[in-house]
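What follows is a short report on a single structure.
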Amino acid sequence: MSRIYTIKNKLVESRLFLNRIIAAFIVVLLLTSGLIIRLVYLQIVGHEHYATLAKDNSIKIEPLVPTRGIIYDRHGKVLADNTQSFSLELIPEQISDLNDTLLRLQKLLNISDEKIDQYQKQRKRQKRFVSTPLLISMTDEEIAKFAVVRPYFPGVDIQARLVRHYPYAELASHVVGYVGRINEAEMKSLPIAEYRGSSHVGKIGIENTYETELHGKTGYAEIETNVQARAINTVNSVPPVAGENLYLTLDIDLQKTAYDALGTFNGAVVAIDIKTGGVLVFASRPGFDPNPFVIGIANDAYQALQSSENQPLYNRALRGLYPPGSTIKPFIALAGLEYNAINAEHKLFCPGYYQLPNVSHHYRDWKKGGHGSVNITEAITQSCDVYFYSLASMLGIDRMHSFLQHFGFGEKSGIDLSGEKPGLLPSREWKRSQRNQSWYPGETLITGIGQGFLQVTPIQLAKATATLANKGNIVTPFLVKNTVNPNPIEPDTERPPSNITVKPENISSIISAMVNVIHDPHGTAKSIGKDINYQIAGKTGTAQVFNIKQDAKYNENDIDFKLRDHALFISFAPADDPKIAVAVIVENGGHGGSVAAPIAGQVIKQFLGGNNENRNP
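Residue numbering for the sequence shown follows numbering that gives the first Met the number 0, starting at 0 and increasing by one per position.
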């Protein structure tokens, strides 16, 4: 068999080998160059960016939530604090069948479907290894029930947390307010850095107005984590700064006296320290228990509060609008003296009604037979309507509006609470702009006795009374006295004028007449002037809820309770050296002298009786 021999071309093979070597070298060179360029970029050009990303992957910034400040009354009694509470918490990662576990817990502890839904929503926003609360503020019975079966619930445990607590419940609900879970709208307006990790924020009252001071400053901790984002070690931390403790001017014992004195009536009582402007009493009845709002009030319970005809969520002291009735008469009388429309001895005859010229309508007095001939002192003492119809006609609505405005009617009082209403002080301009109507003479008359369009709030009425007692020096009410530091907190940086220019002799005439209301045998509130060694100045008021016909007779026993007149009373004491001013409004109370005045009397007597230095010989 023949064989075929191939002669190798070494030259060609050498070239082929060389070309391959060169090509491989070029590829290696290009790859090496690319690697070098990338390393240069990573180490020099992009160093800062990638170093930050690397740190973020290994270091997490965890917020450290500050402890909320405590709220005290003027004597150091706690109105809002943080108490240890036990919550039932679940770690989903450690639970093999979450739905089954929730179902068993629901049956064991009688947990509502609403709370299960809330837990599911909260759980989905967190990592599976994070402990998430299902129940907050567990009762002793709930804790005991779960403790017995704890081994059968892996991944479920009881944890201790701080929860806001209001020991006086409904008694101070409208003034202290409450905190609740932060909603989406609030989160958009709150400082993100300060509220990272915070779950609650002040909703109303002092809790809302002084949220910044009470919340404190959020700290942070740099936590080293692994690739699953689990905490390994704390690298660095800045501790949080606890919220400031607030001391109020409120006297919770005096508040209780006022609240209890309202009894079954709805209404409001406001008392002010005339010397300082500090609010001693800020009671609105009915109140509500703010504690359920902290942990999340059940929907049916909230609906019951909202739908109640007594409106327990409504802050009557701050937002309630009422006709002032005859409590406006001392201010109208002072206006008459200041504008020289009358003098202290000027007498007007009261036949029991008043008529405008060429008008048949009778503007009736509360006393059918009239009061006869009365001067300004007698008109205030006996609350003669006809006298003030006549005086209002002499003054005119323009001068009445201007004068009453000086005492703060028709504008916010300046108290350090949000949501205050300014009331309504009517004028020609107001009626023209709001109703596109002219002002009528009859409207001037009824404004003179505190009816018609005129509306005031209890805090506004208390401020005006305190200013009158202070002889025209304006008293601006406030609630927060100082912090724990203590650093005084200015209640209002934009204060109104410091005083109203009035003649001392005119103020003295009005105060003397108001003293007669309590201490004269004909006074409309003489019942509260007994067994005290100082004098109280005051004025009763009755405000109509609805208008009755010209010849109709008002009989409160024949009408629905909600249509009965409101009872009002303003007062201050001691009359010769005023220290406390009180305004009382009792909804559908009927008579200021018999219903509202005794409430103010209790507050005044407790305040002055408990301070011997305030008693006059």
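Each residue gets a CB set at the ideal place from its N, CA and C atoms; glycine is no exception.
Taking only three categories from DSSP, how would you classify residue i?
i	result
Y553	Note that Y553 scores 48 on pLDDT, short of 50, meaning its location in the model is unreliable; the coordinates nonetheless yield the value given after this. Y553 falls in the coil class under three-state DSSP.
N439	Note that residue 439 is Tyr in the sequence shown here, rather than Asn. Residue state, collapsed to three classes: coil.
E193	helix
V602	helix
A267	strand
K502	coil
N235	strand
P495	Since pLDDT at P495 reaches only 48, below the 50 mark, its modelled position is unreliable, and no value is offered.
E586	coil
G277	strand
H199	strand
Q254	helix
P485	Annotation note: pLDDT 40 at P485 (below 50); position unreliable, no value reported.
P62	strand
Y533	coil
N515	helix
V474	coil
H173	helix
S95	coil
H370	coil
R127	coil
S570	strand
I157	strand
D72	coil
E308	coil
G295	coil
L10	helix
A461	helix
E221	strand
Y321	strand
G413	coil
V148	helix
P490	Unreliable positioning characterises P490 in this predicted model, as indicated by a pLDDT of 47, which lies under 50. The coordinate reading is nonetheless provided below. P490: coil per DSSP, three-state reduction.
Could you please give me the residues that DSSP links to residue i through a beta bridge?
i	result
R163	N81
L423	Q454
K216	V240
Q354	Answer is none; Q354 lacks a bridge partner.
P132	E88
Y362	Y353
F348	S372
H405	According to DSSP, which records beta bridges pairwise, H405 is partnered with nothing at all.
A542	H565
R284	G266
A580	I271 and F571
R180	H199
Measuring CA to CA, which of the options is closest to residue i?
i	options	result
S130	P91, D252 and V162	P91
T217	I205, G242 and I203	G242
G335	E169, R431 and L390	L390
A316	A461, L133, N298 and A468	A461
D384	F145, G540 and V148	G540
L249	G295, I110, Q302 and F477	F477
A260	A599, F606, G608 and I157	A599
A300	E113, R37, A465 and A270	E113
A566	V581, Q42, Q543 and A572	Q543
K561	E308, P329, Y209 and G528	E308
I70	Q42, D80, G528 and L63	D80
A282	G295, Y118, L304 and T256	T256
K328	E210, I445 and L15	I445
S84	T100, I135 and L97	I135
For my contact list, residue i and residue j are in at a C-beta cut-off of 8 Å; report their separation, rounded to the angstrom.
i	j	result
S412	Q459	5 Å
P457	I584	5 Å
K604	I273	About 16 Å separates the two Cβ atoms, so there is no contact after all.
K502	I379	The Cβ separation is near 17 Å, so there is no contact.
T66	G215	7 Å
T523	G441	About 25 Å separates the two Cβ atoms, so there is no contact after all.
L245	G68	6 Å
A463	G407	5 Å
Three or more C-beta pairs below 8 Å linking the segment 312-328 and the segment 355-362: In short, these stretches do not touch, since the Cβ pair count stays below three.
Is the segment 271-282 close to the segment 97-110, with three or more CB pairs under 8 Å? No, they do not touch.
Indicate whether the contact test is met: 3 or more Cβ pairs, each with one atom in the segment 465-474 and one in the segment 345-352, closer than 8 Å. Using a Cβ-Cβ distance cut-off of 8 Å, the segment 465-474 and the segment 345-352 are not in contact, since fewer than three pairs of beta carbons, one from each stretch, lie closer than that value.
Cβ contact check for the segment 148-160 and the segment 174-187: 3 or more pairs under 8 Å: The segment 148-160 is not in contact with the segment 174-187.
Is it a yes or a no for the segment 584-595 touching the segment 257-273, going by three-plus beta-carbon pairs under 8 Å? Taking a contact to require three or more Cβ pairs closer than 8 Å, the segment 584-595 and the segment 257-273 qualify as touching.
Please confirm if the segment 153-173 is in contact with the segment 284-302, defined as three or more CB-CB distances below 8 Å between the two stretches. Output reads yes: the segment 284-302 touches the segment 153-173.
Determine contact between the segment 185-192 and the segment 31-38, defined as no fewer than three beta-carbon pairs at a distance below 8 Å. By the criterion of at least three beta-carbon pairs nearer than 8 Å, the segment 185-192 is not in contact with the segment 31-38.
Three-pair Cβ contact test at 8 Å for the segment 129-144 versus the segment 188-207: The segment 129-144 vs the segment 188-207: no contact.
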